[in-house]
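In the numbering used here, the protein residues as written are 24 to 280.
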DNA sequence: ATGTCACATCTAATGTGA
């Protein structure tokens, strides 16, 4: 099973690139974030023509998450079911070929100490609480998405410059560790120990050209799925050229269960 | 170098969020 995750930063702006990417890489499951469109405006047909089905939780302008899969998407759930906190479309889960898979878009947080930063930390705590009550740690499970957190300094192009800043601050990293502490493994780090691998580069300036990025997009796996993982890569090629998202897709392969 | 995108709105330059 090949599972990919990509913050496309608008499905409409990224449509042609996405269609070309899935045609080339042919993931079995694709988790998307920031689709930025309501379900009834979502361009389902292009990937359906490649054999995919959809689970969608769209939203106008901001946010919006989706899962595409070649097999049936069972038991689709949107949000955490902890109203009234579920106003923003940031989480969707489905079961595909016996694997529970979630696509999540963690709030950006804007700046350490801001109201949005507090919301980000609270959202990560709600994510952990959702794992505790809604997912069986013994089952095959993948938590995929844009976490807006670089877990360690080796995930940061310039740790000194980013120290204490948004995406890299200790409160965010601690909140992310709480999520991982549920029983999740960073699949990318199972296969790559070294730094200089990033999944996001600022649109401004020469950040991509100079590889000044952060690794904030992740595929986290339960123990049984981590044991089945055979590789994990970030497709830097997808960040190149005109009309690219500011995020590159990350993808992992797993042995059959 | 507050440098680029994407989207929205009293359709045209500006605000918001990233």
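Glycine is no exception: its CB is placed at the ideal position from the N, C-alpha and C atoms.
Here the structure is a predicted model, which is why all the values come from computation and not from measurement.
At 3 residues or longer, and completely inside the segment 106-166: list those beta strand (DSSP E) runs for me, N to C.
For the segment 106-166, whole beta strand (DSSP E) runs of length 3 or above, ordered along the chain, are 114-119, 122-128.
Could you spell out the range, first to last residue, of the alpha helix (DSSP H) harbouring residue 211?
Position 188 of the first chain, counted from the first residue, corresponds to residue 211. From DSSP, the alpha helix (DSSP H) with residue 211 extends over 210-214.
Measuring straight from C-alpha to C-alpha, what distance separates residue 65 and residue 56?
The residue labelled residue 65 in the question sits at position 42 within the first chain. The residue labelled residue 56 in the question sits at position 33 within the first chain. Spanning the two alpha carbons is a distance of roughly 13 Å.
In whole angstroms, what is the alpha-carbon distance linking residue 89 and residue 233?
Mapped onto the first chain, residue 89 falls at position 66. Mapped onto the first chain, residue 233 falls at position 210. About 31 Å.
What residue from 78, 238, 214, 25 has the CA that sits closest to residue 102's CA?
What you label residue 102 is simply residue 79 of the first chain in a count that begins at 1. The option with the nearest alpha carbon to residue 102 is 78.
Given this structure, state the Cα-to-Cα distance separating residue 203 from residue 125, to the nearest angstrom.
Walking along the first chain from the start, residue 203 turns up at place 180. Walking along the first chain from the start, residue 125 turns up at place 102. C-alpha separation (whole angstroms): 14 Å.
Whose CA, out of 30, 188, 249, 180, lies closest to the CA of residue 211?
Against the first chain, residue 211 aligns to sequence position 188. The candidate whose alpha carbon is nearest that of residue 211 is 249.
Residue 84: buried (16+ other C-beta within 10 angstroms of its C-beta) or exposed?
One-based indexing of the first chain puts residue 84 at position 61. So residue 84 ends up on the exposed side.
State the start and end residues of the unbroken alpha helix (DSSP H) segment that holds residue 241.
If you number the first chain from 1, residue 241 lands on position 218. Premise fails: residue 241 lies in the beta strand (DSSP E), 240-245, not in any alpha helix (DSSP H).
Quick check on residue 1: does DSSP put it in helix, strand or coil?
Outside the shown range of the chain, which is 24 to 280, sits residue 1, and nothing can be said about it.
If you draw a straight line from the alpha carbon of residue 254 to that of residue 216, how long is it in whole angstroms?
Counting from 1 along the first chain, the entry for residue 254 is found at position 231. Counting from 1 along the first chain, the entry for residue 216 is found at position 193. Distance between the alpha carbons of residue 254 and residue 216 is about 13 Å.
Suppose you measure from the CA of residue 43 to the CA of residue 52; what does that come to, to the nearest Å?
Here residue 43 refers to the residue found at position 20 of the first chain. Here residue 52 refers to the residue found at position 29 of the first chain. C-alpha separation (whole angstroms): 15 Å.
At what residues does the alpha helix (DSSP H) containing residue 193 begin and finish?
Taking the first chain and counting its residues from 1, the one referred to as residue 193 is at position 170. 193-203 is the extent of the alpha helix (DSSP H) around residue 193.
Below 8 Å CB to CB, which residues in the same chain sit around residue 97 once its five sequence neighbours on both sides are set aside?
By 1-based counting over the first chain, the position of residue 97 is 74. Cβ within range, chain order: 117, 118, 119.
For residue 244 versus residue 165, is the C-beta distance shorter than 8 Å?
Here residue 244 refers to the residue found at position 221 of the first chain. Here residue 165 refers to the residue found at position 142 of the first chain. Yes.
For residue 226 and residue 157, I'd like the C-alpha separation in whole angstroms.
Locating residue 226 in the first chain gives position 203, where the first residue counts as 1. Locating residue 157 in the first chain gives position 134, where the first residue counts as 1. If I take the Cα positions, the gap works out to 37 Å.
If you draw a straight line from the C-alpha of residue 221 to the C-alpha of residue 268, how long is it?
Indexing the first chain from 1 puts residue 221 at position 198. Indexing the first chain from 1 puts residue 268 at position 245. Cα to Cα, the separation comes out at about 14 Å.
Following the continuous alpha helix (DSSP H) through residue 283, name the residue where it begins and the one where it ends.
Because the chain here runs from 24 to 280, residue 283 falls outside it and cannot be looked at.
How would you call residue 137, buried or exposed, if buried means at least 16 neighbouring beta carbons within 10 angstroms?
Looking up residue 137 in the first chain gives position 114. So residue 137 counts as exposed.
Tell me the DSSP secondary structure of residue 93 in three-state form.
Taking the first residue of the first chain as position 1, residue 93 is located at position 70. It is coil, neither helix nor strand.
What residues in its chain sit with their C-beta under 7 Å from that of residue 194, if we drop five residues either side in the sequence?
Sequence index remark: in the first chain, residue 194 carries index 171 (1-based). Hits under 7 Å: 144.
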